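Numbering-wise, this note's numbering comes out as the position in the sequence shown, counting from 1, plus 15. Think of the CB as a built atom: it goes at the ideal place given N, C-alpha and C, for glycine as much as any other residue. Only a predicted model underlies this, so the values are computations on that prediction, with no experimental measurement involved. Reading through the structure tokens given below for one structure.
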Amino acid sequence: MGQIIEWPEVVTEGVDLEDRRSSLRDALEQMVQANKELGKEIPTEHALLEPMTIESP
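The following block contains the structure:
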């Protein structure tokens with residue numbers, strides 16, 4: 016299982032570490048987009064245990 020610290024509700028599963036990373040990246044991109052559309056704040060803290068780059072539309 017994988018989880019985003021800034022968004023504890025973002026939890027994914029995968030068969031291996033790379034699969035979990037990919038799933039988390041997708042979930043994070045969706046969460047950022049949803050928060051932008053709803054006008055919600057996007058966490059900017061750098062508390063990630065493993066930094067992850069996402070593309071923002």
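Spatial distance of residue i from residue j (CA atoms)
| i | j | result |
| --- | --- | --- |
| Leu53 | Gln45 | 12 Å |
| Val47 | Ile57 | 7 Å |
| Met16 | Arg35 | 7 Å |
| Glu33 | Pro23 | 20 Å |
| Glu85 | Thr27 | Not covered by the structure: residue 85. The range shown for the chain is 16 to 72. |
Own chain partners of residue i with C-beta closer than 8 Å, once the 5 adjacent residues on each side are dropped
| i | result |
| --- | --- |
| Ser37 | Gly29 |
| Val25 | Gln18, Ile19, Leu39, Ala42, Leu43 and Met46 |
Neighbourhood of residue i by C-beta distance below 6 Å, restricted to the same chain and skipping five residues each side
| i | result |
| --- | --- |
| Asn50 | Ile57 |
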